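In full-length UniProt numbering, the protein residues as written are 1 to 931.
As structure tokens, then:
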């Protein structure tokens, strides 16, 4: 009966936490195109008293994921394992912390196993008895139900707390024999030690633990050379355990041992753009004397904290020192962003020309709507397209907005179509969530999506795109998509990653968020839910940015406030634990990484439970490590890219930024983050880019840069950042020769002595540069990425290999440029006569003069280059129309040019061609004299 009573008390305490929790987004059963699916990693008997949904990304999920024996870091500052026999735990020390040149390591250790004599070993004789958004309780029990041990696992507690019921406590050293119990040393002369007390000091090879009995004296026994301590009789009451690293800590641990937390309520209050995140612990004893430990990000945000002196208790963790505070409630205050879809200021006027050209080009080249094959790659691409729609709206181009929206509708429609099977979203039933159906059977599909890896890194993109559609077409939300409405589909995605309420019967609360850690973990239950980790902190931020936009278009004000808080706290977590500051004071109370060598790395690539370092699972380059903490670049990250960090990133990655073999996709987002500090320099650096990756675009590059704070008031974009456009000749400055390219010899070669022998080229805009089209053949100039031969007019349509960027020559000479190839980012060298993309620096590039052709003079035929038809006009019908197929049928025109312009005269009538102001009226040869 005692066991049942304690269980009821704990569940009641947990239920009280609902009082401060928000309403659910919905409680509707998920209906998805893939139906339901059970993944191949169901939980073990740990949840035997409960049904899904279950936490998949919590610090303790490894207790439940089969084989239920993962070592977890938690409840911090401890590490622990739930074995079939006992609850094992330990505390690493500052001496175990090391920096290897790439990563800071804080290796965990296990010091003791805690159980009771009557316990029967097995996976099914320990189970969860309750949990909240931070803490967990576990029951170890006998099958008869007569004896039990309950662990209260509360992050931040410097104690491990166990409640025994009619059970005989048993402690097993995991670090050699026990050498002392309350100062008595078992030995060959003292075969057994029996101590009766309410406080004990127990010593083994790892140091000293303090044990407190809160319900009267208990007798503990230890034999010589033994590794176990056993109570002399069954016990009902609470024992607390704390590692004592330094002798001065004992007084603090003694003072506050009697009052303990069993769970925690996570609450939120909002007042305009200010939000309070409140932790209130459920305390047995005096709430005002609850001793808890704080992380750096807590201390920076806490309002009116009751900190103890730093010397009273200090525990080094991977994220820096944890220091003590007293009391059952913390309030952490944050200023929330009011940025949502667009930047808080319009694009700089100097950038509008490039921005509009980029939008027109990129919208026109979206191609057919994508057929999704996964969540992640499809998602970051369509989110990038959705930004085009938002930017087009801001520059008053509704025609482009509608093209983007229609494209997004068509591609998202696949997710609601049960007949589309390339990829399907399904409701996963073992744990409770939206998953890639194919991924439910393989951890290798979609980065482990079916086992709850990376949902936060993937689903934010989906919500971004869906919100943009709904912003411009609200009726789309209520339209059916094959299995429900589009609003339903978006709600399932939002509930999977940002469900605010335990009242939702299908999804856990904010799946990836670790409220005590201050950020999300991307890793789920794969591989037994071992070490928690997250690489891309900004894609974690994007999960809540997508939630914010979704909440706005669906009118969910409460969710909107919650999303802004999630977003802000995730940004704070990123700045605290992923951003490194070489000049930070290593002795600062709130510096997570005291090691100067670690901070010199500027950016953490991967934060795990036991290490944080400048590395990635898939890449080791500095630009990759930095960029993954920047992308996707959206307006809301204005507060994230702080001036000190972005300058450090630019300097740290400088050599790789100058290396043409490094991908432009990484460089582009580094320049965007830097634009938050110096938009003019960032705009200039961005002109060196030839591609932007699937999650960014030329238009977004210009937009974000052009909307940055600009205290200097100087133009952000220079007029020279755009290629010349029009019809030109090209002249090699050093030799004076003009460039030719013919159908029989398409290679561009500087071999003509006179401009009259030169080829004409049509230069047109492309994002990041421009295309060059041989006017005579209609073929586009293309460049071999290996530079095995010269550039040649041989491509029917322009793409990356056909992009050439004209950069003004450093000499400043009018009309003289250096050309850079988009195919390999090398510069054009014409020293051999052939134009070859082989020069590694602009200084080594040839000087090329882009020359307007001489004005046409003489008699000509006119031909429409698109249709190939020739132009005809007559006295009976003076309208110029391209309708005849042969030159013999074409009309002849006299073309004359002077400083005032060019005139065209129909020779058969002597009439000059004229145009009316209206764009609807065709050209006609009807004027007797030119004016």
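Even for Gly, the Cβ is constructed at its ideal location relative to N, Cα and C. Because the structure is a prediction, the values reported are computed rather than measured.
>> Going by C-alpha to C-alpha distance, which of 374, 375, 402, 267 sits closest to residue 387?
In response: 402
>> Can you list, in chain order, the residues of its chain with a C-beta nearer than 6 Å to that of residue 967? Leave out the 5 residues immediately preceding and following it.
In response: Only positions 1 to 931 of the chain appear in the structure, and residue 967 is not among them; the question remains open.
> Just how far apart, CA to CA, sit residue 308 and residue 256?
Replying inline: 12 Å
> How many Å lie between residue 877 and residue 900 at the Cα?
Replying inline: 28 Å
> If you run the structure through DSSP and keep just helix, strand and coil, what is residue 894?
Replying inline: strand
> Are the segment 705 to 713 and the segment 827 to 835 in contact at 8 Å, needing three or more beta carbon pairs?
Replying inline: no
> The alpha helix (DSSP H) with residue 858 in it runs from where to where?
Replying inline: Run containing residue 858: none in the alpha helix (DSSP H); it sits in the beta strand (DSSP E), 858 to 860.
> Between residue 26 and residue 496, is the Cβ-Cβ spacing less than 9 Å?
Replying inline: no
>> Can you find the residues in the same chain that come closer than 6 Å, C-beta to C-beta, to residue 546, ignoring five residues on each side of it along the sequence?
In response: 460, 463, 464
> Distance, Cα to Cα, residue 8 vs residue 146?
Replying inline: Low per-residue confidence applies at residue 8: pLDDT is 31, beneath 50, and the placement is therefore not dependable, though the value from the model is reported in the following sentence. Between residue 8 and residue 146, the C-alpha separation is close to 16 Å.
> Where DSSP assigns a beta bridge to residue 82, which residues make up the other side?
Replying inline: 87
> Under three-state DSSP, which class holds residue 811?
Replying inline: coil
> Around the Cβ of residue 812, are there at least 16 other Cβ atoms within 10 angstroms (buried) or fewer (exposed)?
Replying inline: exposed
> Rounded to the nearest angstrom, how far is the Cβ of residue 1015 from that of residue 44, given a contact under 8 Å?
Replying inline: Lying outside 1 to 931, the shown extent of the chain, residue 1015 is not represented and no answer is given.
> Should residue 447 go down as buried or exposed, given a rule of 16 or more other Cβ atoms within 10 Å for buried?
Replying inline: buried
> For the segment 728 to 735 against the segment 843 to 854, are there 3 or more C-beta pairs whose distance is under 8 Å?
Replying inline: yes
> Taking the alpha-carbon positions, what's the residue 866 to residue 885 distance?
Replying inline: 13 Å
> Does the beta-carbon distance from residue 675 to residue 665 come in below 9 Å?
Replying inline: no
>> So, at 7 Å on beta carbons, what are the nonlocal neighbours of residue 427 in its own chain, with the 5 sequence-adjacent residues on each side left out?
In response: 30, 32, 36, 434
> residue 396: which of 407, 360, 235, 431 sits nearest, CA to CA?
Replying inline: 360
>> Let's see if you can read the secondary structure: which residues bound the beta strand (DSSP E) around residue 599?
In response: It is not in any beta strand (DSSP E) - residue 599 instead sits in the alpha helix (DSSP H) that spans 596 to 599.
>> Suppose contacts are defined by Cβ-Cβ distances below 9 Å. Is residue 580 in contact with residue 603 by that definition?
In response: yes
> At what residue ranges does the segment 419 to 445 contain a whole run of the beta strand (DSSP E), taking only runs of 3 or more?
Replying inline: 425 to 428, 433 to 436
> Of the residues 521, 808, 560, which one's Cα is nearest the Cα of residue 275?
Replying inline: 560
>> Just to confirm, is the Cβ distance from residue 704 to residue 343 under 9 Å?
In response: yes
> With contact counted as at least three CB pairs below 8 Å, one residue from each stretch, are the segment 81 to 97 and the segment 184 to 203 in contact?
Replying inline: no
> Say the cut is 8 Å; is the CB of residue 265 nearer than that to a heavy atom of the ligand NAP?
Replying inline: The ligand NAP is not part of the structure shown, which contains no ligands of any sort.
> Leaving out the 5 sequence neighbours to the left and right, which residues in its chain are closer than 7 Å to residue 931 when beta-carbon positions are compared?
Replying inline: none
> What residue does the beta strand (DSSP E) around residue 608 start on, and which one ends it?
Replying inline: 606 to 608
> Mind checking whether residue 570 and residue 511 have CB atoms under 9 Å apart?
Replying inline: no
> With a CB to CB cut of under 8 Å and the five nearest residues on each side skipped, what residues in its chain are close to residue 582?
Replying inline: 596, 599, 600, 602, 648
> Can you tell me whether residue 932 is buried or exposed, with buried defined as 16 or more other CB within 10 angstroms of its CB?
Replying inline: Nothing can be reported for residue 932, as the shown portion of the chain is limited to 1 through 931.
> Along the chain, where does the alpha helix (DSSP H) that runs through residue 405 open and close?
Replying inline: 398 to 412
> What's the call for residue 920, buried or exposed, on a 16-neighbour Cβ count within 10 Å?
Replying inline: exposed
> So what's residue 659 in DSSP terms, helix, strand or just coil?
Replying inline: coil
>> I need the straight-line Cα distance from residue 923 to residue 839, nearest angstrom please.
In response: 47 Å
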